[in-house]
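Structure first, commentary second.
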Amino acid sequence: MSLLDLAPVIPVVVIEDAETAVPIARALVAGGLPVIEVTLRTKAAREAIARIAAEVPEANVGAGTIRTTDDIAASIAAGARFLVSPGTTLSLVEALDSSGVPYLPGAATVTEVMALAERGIKELKFFPAEAAGGVPYLKAMNGPLPDVRFCPTGGIRPATAPDYLALPNVGCVGGTWLTPADALAAGDWGRVEKLASEAAALR
Numbered sequence: 016m017s018l019l020d021l022a023p024v025i026p027v028v029v030i031e032d033a034e035t036a037v038p039i040a041r042a043l044v045a046g047g048l049p050v051i052e053v054t055l056r057t058k059a060a061r062e063a064i065a066r067i068a069a070e071v072p073e074a075n076v077g078a079g080t081i082r083t084t085d086d087i088a089a090s091i092a093a094g095a096r097f098l099v100s101p102g103t104t105l106s107l108v109e110a111l112d113s114s115g116v117p118y119l120p121g122a123a124t125v126t127e128v129m130a131l132a133e134r135g136i137k138e139l140k141f142f143p144a145e146a147a148g149g150v151p152y153l154k155a156m157n158g159p160l161p162d163v164r165f166c167p168t169g170g171i172r173p174a175t176a177p178d179y180l181a182l183p184n185v186g187c188v189g190g191t192w193l194t195p196a197d198a199l200a201a202g203d204w205g206r207v208e209k210l211a212s213e214a215a216a217l218r
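To convert a position in the sequence shown, counted from 1, into this note's numbering, add 15.
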């Protein structure tokens with residue numbers, strides 16, 4: 016099954032302390048969101064992916080903010096089951112193609128989307144969603160490119176997620192609101208599970 020069809024929202028998680036990785040993942044899965052993107056924005060990210068992969072097998076954990084071939088290799092070695100990039104260069108998409116795992120390459124313009132579609136890649140990350148034009152932009156893109164689907168990410172909130180999910184070319188959205196920093200700092204996994212449950216009910 017496509018990554019875009021596993022859940023209405025993919026949590027985009029920034030983990031500062033690898034010790035919190037497993038409880039975060041368990042709370043998200045318990046709330047109904049089994050697909051988790053851990054961004055490679057912190058020193059703890061790769062260890063966090065490894066811990067989730069080893070201790071929360073029901074989670075489909077992936078690595079986000081993939082920018083280099085080294086990111087790809089290290090993420091897969093850690094146990095990432097999918098990869099997400101913020102944008103896509105030719106060398107990066109070739110490496111993603113060769114990785115052997117599912118991936119969502121980032122695109123923000125019609126030209127970028129067309130270039131990826133020419134390679135047969137029809138499921139993409141639309142980033143940064145709100146800054147790049149949001150719902151109206153994606154709605155307009157569906158006319159000339161109806162065979163391409165997206166996971167828009169960047170600036171999406173619980174109030175705006177349903178507008179994205181209503182579009183025919185959106186399979187799911189990426190959201191950072193599911194793991195607020197204050198909840199993680201306090202170890203409030205019940206709050207994370209509640210936010211995940213609310214997001215899982217969006218579709």
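Virtual Cβ for every residue (Gly too), placed ideally from N, Cα, C.
Quick caveat, the model's predicted, so the values are computed rather than measured.
According to DSSP, is ALA74 helix, strand or coil?
coil
Report the rounded CA-to-CA distance for TYR118 versus VAL37, giving the unit in angstroms.
TYR118 and VAL37 have their C-alpha atoms roughly 23 Å apart.
Residue environment, THR126, which counts as buried when at least 16 other CB atoms sit within 10 Å:
exposed
Would DSSP call THR54 helix, strand or coil?
strand
CB contact check: GLU213 to chain E, cutoff 8 Å
Looking at the structure shown, chain E is missing, and only one protein chain is on hand.
Skipping 5 residues on each side, what residues in its chain have a beta carbon closer than 8 Å to that of LEU48?
ALA22, VAL24, ILE25, PRO26, LEU193, ALA211, ALA214, ALA215
Indicate the three-state DSSP secondary structure (helix, strand or coil) for GLY205 in the structure shown.
In the three-state DSSP reduction, GLY205 falls in the helix class (H, G or I).
Comparing alpha-carbon positions, which option in GLY135, GLY115, ASN157 lies nearest ALA88?
GLY115
If you compare alpha carbons, which of ALA155, THR54, LEU217, GLY149 is closest to PRO167?
GLY149
Would the segment 98-116 and the segment 68-85 be scored as touching if the rule is three or more Cβ pairs under 8 Å?
yes
Return helix, strand or coil for VAL163, following the three-state DSSP convention.
The DSSP-derived three-state label of VAL163 is coil.
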